[in-house]
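Chains as they are written, first to last, in the working numbering: chain G, 81 to 410; chain H, 81 to 410. Note sheet for the following structure.
Rendered as structure tokens:
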């Protein structure tokens, strides 16, 4: 079944809610004969949708699987330019790597790569990122901002704001941002953001914004080490969050924040970041790219480049542009 | 003829200077029969080398073409790790694009791409760059520095220093650096540097450093517009500069400066940059990425990130990280 037909059929069912949709209405809407309608319904069922059929009543959708497919994400998406074109893979090595390949081939801004499973998911600083099938969101956006590279970290901050607000709105869980770009719940990592770019030294060619969210991930799917540091929406009590709906919420909030930063309204994004931060005001330890502790102090603020401003015991203010920060008890 | 055999044969001739080398000595050195020596000499001649042959004396090299081949560049190269592996193309779209492809495939730091001609040479900010056959150097180095992206501009400054010093040493011409990375002679551009990178936001994956030098370029090879703004070593009176030797000189100076900056001695590089600069102390006009004038003032200094510090008429100091600068009469 073509994607468009499936999307139209799903939209029809969504509009009908609990009501029945007649075979005739379906045949008019998707432009096939009434006898062919049955075949399209069967195709939906094969994808995991539960469709009830009854003589003289027609069809109604009684359960939909939690899929990240283009049909699911496109139906109800409110963005103007981000995620309007979706490249979906059931399994992929890394959505960021696929998005970078596509970006190099010239795909326009806004293309979204989605995968149900990553076999070689990537985290920051060369780390791996776990994405077992059905349990997480793995999404990567191709962006082509007219920014110099040193302003690109603003995109990561905007993305962290978008994810945190989307999670709070959908689940009520008190998600917060750990500098620069982890979204946490009770000190455990819920979402990682990996931003990669290709650039001349004073001009970004493209940015790939990768977002991984642990949605239904169970404890036994994590390594013992990960159980200490990571969590998922389900583990924190938000059961049954539909991944496609969360993707829509993230995309729509991110598009707003991204438009703000491109239009010179980055201070607004930054002020939302500050209010969601769990880092500011806390004693922190800064680790360099090699893991060594390079600075201890109190996190004071972030600046326009996304740098963390840390005041050390001597009262000196340091600008931290890279590396890792661990939070210490206040 | 394999590259290694040609390189050995050329090294043998180079060591002999004006003297003859016997066929027997050649056969011993390159491990072929004396009758096969003649075939190897013929292969060299086919590349443009003039080799004299005389019975009972042997062979001697009386003229060598100005080639950018691996044999020419490798013979006499003094670097430890940059340019030890060379990927040569007689014609290529862009040496930077080829180097980026190779870098993505994982080639190690130091790989050098060389081409005699570029058909789609690239300059900064999406401009094109002219590289007709035989008249210029087109070289791109793959680098893998352990630097955050905001320090990558230091590599460009180091490269500008290396090219400028190499040109001064080899030709005596008073080359100077216009911020950030043009090497000029009498206000006309002699060399352009295009640095591209792939990075996470806080870690460089690789940098491709592209250097184009106009060596023998003639006025009639330039467009009318280019004649106003560009020049070549030959046009400035330095005739017969061998491109391979200039590449060696650039590589060896750049390796030193690159090692300095990786080892925390960037201030030394910067102080050489300052002394070669034609921008500092001059009234300048700064143009944004869109071409608009964003600032006028006097160029005071560069800082550790390679930013140009410009003082405006009100005495305020501005940090210019991207864009273009035009020099104005003092």
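Beta carbons: idealized from backbone N, C-alpha and C, even for Gly.
Inter-residue CB distance, residue i and residue j (contact presumed, cutoff 8 Å)
i                      : j                      : result
residue 223 of chain H : residue 286 of chain H : 7 Å
residue 233 of chain H : residue 385 of chain H : 6 Å
residue 167 of chain G : residue 191 of chain G : 6 Å
residue 133 of chain G : residue 121 of chain G : 7 Å
residue 405 of chain G : residue 387 of chain G : That belief does not hold up - the Cβ atoms of residue 405 of chain G and residue 387 of chain G are roughly 12 Å apart, past 8 Å.
residue 324 of chain H : residue 148 of chain H : 6 Å
residue 356 of chain G : residue 235 of chain G : Not really, about 16 Å apart at Cβ, beyond 8 Å.
residue 403 of chain G : residue 368 of chain G : 5 Å
Cβ neighbours of residue i in the same chain (closer than 6 Å, five flanking residues each side left out)
i                      : result
residue 393 of chain H : none
residue 227 of chain H : 284
residue 397 of chain G : 389 and 391
residue 279 of chain H : 229 and 285
residue 159 of chain H : 331, 332 and 335
residue 195 of chain G : 169, 172, 175 and 218
residue 338 of chain H : 238
For residue i, the nearest candidate out of the options (CA to CA)
i                      : options                       : result
residue 143 of chain G : G/135, G/317 and G/97         : G/97
residue 220 of chain H : H/337, H/160, H/88 and H/276  : H/276
residue 240 of chain G : G/317, G/269 and G/311        : G/269
residue 145 of chain H : H/215, H/103, H/206 and H/171 : H/215
residue 183 of chain G : G/199, G/225 and G/154        : G/225
residue 305 of chain G : G/102, G/379 and G/210        : G/210
residue 315 of chain G : G/296, G/206, G/192 and G/321 : G/296
residue 294 of chain H : H/212, H/149 and H/191        : H/212
residue 237 of chain H : G/409, G/199, G/235 and G/281 : G/281
residue 187 of chain H : H/200, H/197, H/172 and H/162 : H/162
residue 395 of chain H : H/378, H/125 and H/300        : H/378
residue 260 of chain G : G/218, G/250, G/298 and G/205 : G/205
residue 180 of chain G : G/171, G/116 and G/193        : G/193
residue 407 of chain G : G/365, G/217 and G/310        : G/365
residue 328 of chain G : G/88, G/165 and G/92          : G/165
residue 272 of chain G : G/130, G/141, G/231 and G/312 : G/312
residue 353 of chain H : H/383, H/253 and H/117        : H/383
residue 309 of chain H : H/197, H/263, H/129 and H/185 : H/263
residue 200 of chain G : G/368, G/172 and G/140        : G/172
residue 138 of chain H : H/104, H/157 and H/125        : H/104
residue 321 of chain G : G/251, G/342, G/351 and G/403 : G/251
residue 126 of chain H : H/86, H/303 and H/326         : H/86
residue 102 of chain H : H/128, H/141, H/129 and H/403 : H/141
residue 358 of chain G : G/255, G/248 and G/350        : G/255
Short CB-CB distance (under 7 Å) between residue i and chain G
i                      : result
residue 275 of chain H : yes
residue 278 of chain H : yes
residue 402 of chain H : yes
residue 230 of chain H : yes
residue 374 of chain H : no
residue 233 of chain H : yes
residue 81 of chain H  : Its pLDDT being 49, under 50, residue 81 of chain H is placed unreliably in this model, and the value from its coordinates should be taken loosely. Output row for residue 81 of chain H: interface = no.
residue 178 of chain H : no
Residues that residue i bridges to, as DSSP identifies them
i                      : result
residue 176 of chain H : Answer by DSSP bridge pairing: none, since residue 176 of chain H is not bridged.
residue 219 of chain G : G/194 and G/291
residue 389 of chain H : H/381 and H/399
residue 363 of chain G : G/378
Cβ of residue i within 7 Å of any chain H Cβ
i                      : result
residue 406 of chain G : no
residue 392 of chain G : no
residue 225 of chain G : no
residue 350 of chain G : no
residue 282 of chain G : yes
residue 236 of chain G : yes
7 Å CB neighbourhood of residue i in its chain, flanking five on each side removed
i                      : result
residue 330 of chain G : 242, 243, 246 and 291
residue 381 of chain G : 360 and 389
residue 90 of chain H  : 151 and 155
residue 81 of chain H  : With a pLDDT of 49 at residue 81 of chain H, under the threshold of 50, the predicted position of this residue should be treated as unreliable, and no value is reported.
residue 307 of chain G : 299
Chain-order list of residues whose beta-carbon lies under 8 Å from that of residue i (same chain, five-residue window excluded)
i                      : result
residue 202 of chain G : 174, 176, 177, 208, 209, 274 and 290
residue 348 of chain H : 340
residue 362 of chain G : 378, 379, 407, 408 and 410
residue 107 of chain H : 113, 114, 116 and 117
residue 131 of chain G : 93, 121, 124, 125, 139, 140, 141 and 142
residue 100 of chain G : 134, 137, 138, 139 and 140
residue 88 of chain G  : 109 and 110
Interface partners of residue i on chain B, CB under 7 Å
i                      : result
residue 204 of chain G : The structure shown contains no chain B; its protein chains are G and H.
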